[in-house]
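Chemist: Chains as they are written, first to last, in this note's numbering: chain E, -3 to 340; chain Y, -3 to 340.
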DNA sequence: TACCTTTGTTCAATCGTTTGCACAATACCC
DNA sequence: GGGTATTGTGCAAACGATTGAACAAAGGTA
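#1: Could you spell out the range, first to last residue, of the alpha helix (DSSP H) harbouring residue 169/E?
#2: In chain Y, which residues lie less than 9 Å from residue 181/E when you measure between Cβ atoms?
#3: I believe residue 310/E touches residue 144/E by the beta-carbon criterion, under 8 Å. Please report the beta-carbon distance rounded to the nearest angstrom.
#4: At which residues does the beta strand (DSSP E) containing residue 95/Y begin and terminate?
#5: The beta strand (DSSP E) spanning residue 218/Y covers which residue range?
#6: What does the alpha-carbon distance come out to for the pair residue 284/E and residue 296/Y?
#7: Using DSSP with H/G/I as helix, E/B as strand and the rest coil, what is residue -3/Y?
#8: Anything in chain E within Cβ reach of residue 291/Y, meaning under 7 Å, just list it in chain order.
#9: Considering only the alpha carbon of each residue, which of 45/Y, 60/Y, 193/Y lies closest to residue 165/Y?
#10: Given this structure, state the Cα-to-Cα distance separating residue 185/Y from residue 252/Y, to the nearest angstrom.
#11: Less than 8 Å between CB atoms is the rule here; does residue 285/Y satisfy it with respect to chain E?
#12: Tell me the rounded alpha-carbon separation between residue 13/E and residue 49/E.
#13: Leaving out five residues on either side along the sequence, give the residues of the same chain with a beta carbon under 8 Å from the beta carbon of residue 64/E.
#14: Run down chain Y in chain order and give the residues with a C-beta less than 7 Å from the C-beta of residue 186/E.
#15: Where does residue 213/Y land, buried or exposed, given buried means 16+ other C-beta within 10 angstroms?
#16: Can residue 272/Y be considered in contact with the ligand GTP, in the sense that its beta carbon sits closer than 7 Å to one or more heavy atoms?
#17: Does the beta carbon of residue 317/E come closer than 8 Å to any beta carbon on chain Y?
#18: Beta carbon of residue 187/Y, beta carbon of residue 219/Y: below 8 Å?
#19: Residue 114/Y CB to nearest chain E CB: under 8 Å?
#20: Under 7 Å Cβ to Cβ from residue 227/E, same chain only, skipping five residues before and after it: list those, please.
#21: Indicate whether at least one CB of chain Y lies closer than 8 Å to the CB of residue 89/E.
#22: Would you list the residues sitting across from residue 159/Y in a DSSP beta bridge?
#23: Would you check if the segment 267 to 275 of chain E and the segment 56 to 63 of chain E touch, i.e. whether three or more CB-CB distances between them fall below 8 Å?
#24: Compute the distance between the beta-carbons of residue 183/Y and residue 175/Y, then report whether it is under 8 Å.
#25: Here's the rule I'm using: 16 or more other beta-carbon atoms within 10 Å means buried, otherwise exposed. How should residue 0/Y be labelled?
#26: Can you tell me whether residue 130/Y is buried or exposed, with buried defined as 16 or more other CB within 10 angstroms of its CB?
#27: Note down, one range per segment and in chain order, each beta strand (DSSP E) of at least 3 residues found wholly within the segment 105 to 145 of chain E.
#28: Residue 51/E and residue 115/Y look like a contact to me (Cβ under 8 Å); what is the Cβ gap, rounded to whole Å?
#29: Short of 6 Å in beta carbon distance, which residues of its chain neighbour residue 16/E, apart from the five on each side in sequence? Order them along the chain.
#30: From this set, 224/Y, 244/Y, 20/Y, which residue's C-alpha is nearest residue 33/Y's C-alpha?
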């Protein structure tokens, strides 16, 4: 019983049945060039011997490891966690495993993550580009390896890879229009850093909505800069310092929205009656705060499964004629108490 | 330039330098049996040729794939996401990659996750056992493979594997004591399903704290049953139906705590002055609700890194004499507004 | 009977590394 | 100078699967 290895191999099965390894291999893979009788016998014996195919050996021979790589800034963030979840679920259904690498938003870590995945010979890589990444040579290595490269969330046109994203402009537009429908006319906007494309697009959506409904743009209503937790608090202060009046806020981030809400509540402002608020991302906490925060659903789980599906599609296309695709998911707004005014 | 493979191999390097693959291999691995001169030459050439070691080939030969597997119910849950994050970070520092499998709390999925990871020849597996898992044969296969098996969060003594957990009893005790220190004397408890060990331990901690401080146990103050989102709401109703008075709640789950808080707020109960509340888990939303929810920090990230460290330790121990270890992390309470009464 | 298919199996090479062993060249010791 | 270490490389066999090609046995056809 105690072999050299802990696992039985196709050779062991072959020996037990008086066959060769090749026949066993073909039997297990349902190759037509094998008789039904031996196929059965082999499978029974495999079961009996607790045979478990060695994907490493098979991978060496075939070049297919059945592994997908994903590179993200931080696994411990709701958005990325959902993407991983969706990606793994779909990939797994097709027999693929998922390997994850975190960059901590460091350029160096991103580079070494790419190398690590290529060394492991993954069959494809999905990346949310690190915020600090400015050059893209390390992604060329993925293309040189001729495996699918799929960007999501934070994409970079320069790389010329497939993309899976949501329509940020549309999401922002829907959010802003919703506020307008609630009767709001002076809608403030927390815009985020504009060199990051998703924030730029959200601001575009805000502006488009205003224009569509004939509202004029007042630059005093827009606060640029990071949209992290504390900044929502600061942004409200900024609006007050400017002495500008507003009856709604569309924040490009749920975090900033929540802190803005806290600030306003402290000031005695009623939400949504005095100021309606809507955020962006559908972070888990948004439905737990009081009042529950309206937001834009980023469909993170769907993004993950879309990535997996695109990968499965690309993997079967001849590498040479693989054209970068762009998949755009349509976000939906989730209306909760923070923006739902009583019917006038 | 266009070889059969997309990657250069040690043979290519060897050929370019008039050496053999074995020497190249030794040079790259800093084997002492190689001259400094050729070591240099090989490394330069490798760099020049964009050589990337094929971990699949090496893994086949050595049996070491450099991959760690983790099996969790759902990646998209803050606690597990943090564990993944901590695990990946530490594992990565030691050159390991992480492969994840989700079970969706299904027994079947758990079984096939084990198989998938074993087929991929991971060097160790960390598992949070699915809620539906009642027999453990599939874990035997991991032990048969003689690789480290580490259980976390939901553990099962029956399996006889190493464990990394937090001291749930202590966390609960600290939480309850904190409430007592705030002057609370009639502390309600949302206990969760008692056949799940973590909830049982938390209830134990609650009882221990009461006893330590000479408070008598009133069964009317304890609500058993699931501690999911809606159930916090129902639990408060139950307390009112029982007509029992209480000045604090220790909930074994943040979710139940938050819904309890919402319920109480609707009833006009002031928090923390009328009822102080503390939850368990330090879910991300706890600091965002109003009032911010006190809770017990589960140290998920630390759990993840502890798992990685234990793995790294066990991997170097002769498989035969690997003894199951148990690592217990000490949780801390995080006091926020929901339980911090003004100094009397 | 001779020849051609079809069917099922074996043979042997291959994927890219690692590694025990052999072996040559040089260094060391008395 | 003869014998023994020491040092640096090469040889060749793994690791466990896959796969094109060869081949034997059986069946089919004229």
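We put the CB at the ideal spot given by N, CA and C, even for glycine.
Modeler: Let me lay it out:
#1: Numbered from 1 along the first chain, position 173 holds the residue referred to as residue 169/E. Unbroken alpha helix (DSSP H) run through residue 169/E: 164 to 177.
#2: The residue given as residue 181/E occupies position 185 in the first chain. Within chain Y, no residue comes near residue 181/E; the closest Cβ sits about 28 Å away, beyond 9 Å.
#3: The count along the first chain starts at 1 and reaches residue 310/E at position 314. The count along the first chain starts at 1 and reaches residue 144/E at position 148. Sure, about 4 Å apart at Cβ, within 8 Å.
#4: Residue mapping note: residue 95/Y aligns to position 99 of the second chain, counting from 1. Run containing residue 95/Y: 93 to 98, per the beta strand (DSSP E) assignment.
#5: Sequence index remark: in the second chain, residue 218/Y carries index 222 (1-based). From DSSP, the beta strand (DSSP E) with residue 218/Y extends over 218 to 220.
#6: Here residue 284/E is taken as the residue at index 288 of the first chain, counted from 1. Here residue 296/Y is taken as the residue at index 300 of the second chain, counted from 1. Rounded to whole angstroms, residue 284/E to residue 296/Y spans 21 Å at the Cα level.
#7: Here the question's residue -3/Y lines up with position 1 in the second chain. Residue placement at residue -3/Y is poorly supported in this model, since its pLDDT is 37, which falls under 50; the coordinates still yield a value, given next. Residue state, collapsed to three classes: coil.
#8: What you label residue 291/Y is simply residue 295 of the second chain in a count that begins at 1. The contacting residues do not exist; residue 291/Y stays about 13 Å from chain E at best.
#9: By 1-based counting over the second chain, the position of residue 165/Y is 169. Among 45/Y, 60/Y, 193/Y, the Cα nearest to that of residue 165/Y is on 193/Y.
#10: Residue mapping note: residue 185/Y aligns to position 189 of the second chain, counting from 1. Residue mapping note: residue 252/Y aligns to position 256 of the second chain, counting from 1. Approximately 11 Å, taken between the alpha carbons.
#11: In the second chain, the residue the question calls residue 285/Y occupies position 289. Interface residue, yes.
#12: Here residue 13/E corresponds to residue number 17 of the first chain, with the count starting at 1. Here residue 49/E corresponds to residue number 53 of the first chain, with the count starting at 1. Distance between the alpha carbons of residue 13/E and residue 49/E: 17 Å.
#13: Locating residue 64/E in the first chain gives position 68, counting from the first residue. Cβ neighbours of residue 64/E beyond the five flanking positions: 83, 87, 92, 93, 94, 95, 118, 119, 120, 121, 122, 304, 307.
#14: The sequence position of residue 186/E within the first chain is 190, counting from 1. Simply none; closest approach about 16 Å.
#15: By 1-based counting over the second chain, the position of residue 213/Y is 217. Exposed, because fewer than 16 other Cβ atoms sit within 10 Å of the Cβ of residue 213/Y.
#16: The ligand GTP is absent from the structure shown, which contains no ligand whatsoever.
#17: Taking the first residue of the first chain as 1, we reach residue 317/E at position 321. For residue 317/E, the answer is no, since every Cβ of chain Y falls outside 8 Å of its Cβ.
#18: In the second chain, the residue the question calls residue 187/Y occupies position 191. In the second chain, the residue the question calls residue 219/Y occupies position 223. Result yes, Cβ atoms of residue 187/Y and residue 219/Y sit closer than 8 Å.
#19: Your numbering for residue 114/Y matches position 118 in the second chain. So, interface residue.
#20: Taking the first residue of the first chain as position 1, residue 227/E is located at position 231. So the list reads 221, 252, once near-sequence residues are dropped.
#21: To locate residue 89/E, count along the first chain from 1; it is residue 93. Answer no: the Cβ-Cβ gap between residue 89/E and chain Y never drops below 8 Å.
#22: The sequence position of residue 159/Y within the second chain is 163, counting from 1. According to DSSP, residue 159/Y bridges with 147/Y, 322/Y.
#23: no
#24: What you label residue 183/Y is simply residue 187 of the second chain in a count that begins at 1. What you label residue 175/Y is simply residue 179 of the second chain in a count that begins at 1. Against a cut-off of 8 Å, the Cβ pair of residue 175/Y and residue 183/Y comes out as a contact.
#25: Stepping through the second chain from its first residue, residue 0/Y is reached at position 4. Summary for residue 0/Y: the model assigns pLDDT 47, below 50, so the residue's position carries little reliability; its value from the coordinates is reported in the next sentence. Burial call: exposed.
#26: Within the second chain, residue 130/Y is the residue found at index 134, counting from 1. Residue 130/Y comes out exposed.
#27: 120 to 123
#28: Here residue 51/E is taken as the residue at index 55 of the first chain, counted from 1. Here residue 115/Y is taken as the residue at index 119 of the second chain, counted from 1. Yes, residue 51/E and residue 115/Y are in contact; Cβ-Cβ is about 5 Å, under 8 Å.
#29: As a working mapping, residue 16/E is identified with position 20 in the first chain. Result list for residue 16/E: 10, in chain order.
#30: For the purposes of this step, residue 33/Y is identified with residue 37 of the second chain, where counting begins at 1. Out of 224/Y, 244/Y, 20/Y, 20/Y has the C-alpha closest to the C-alpha of residue 33/Y.
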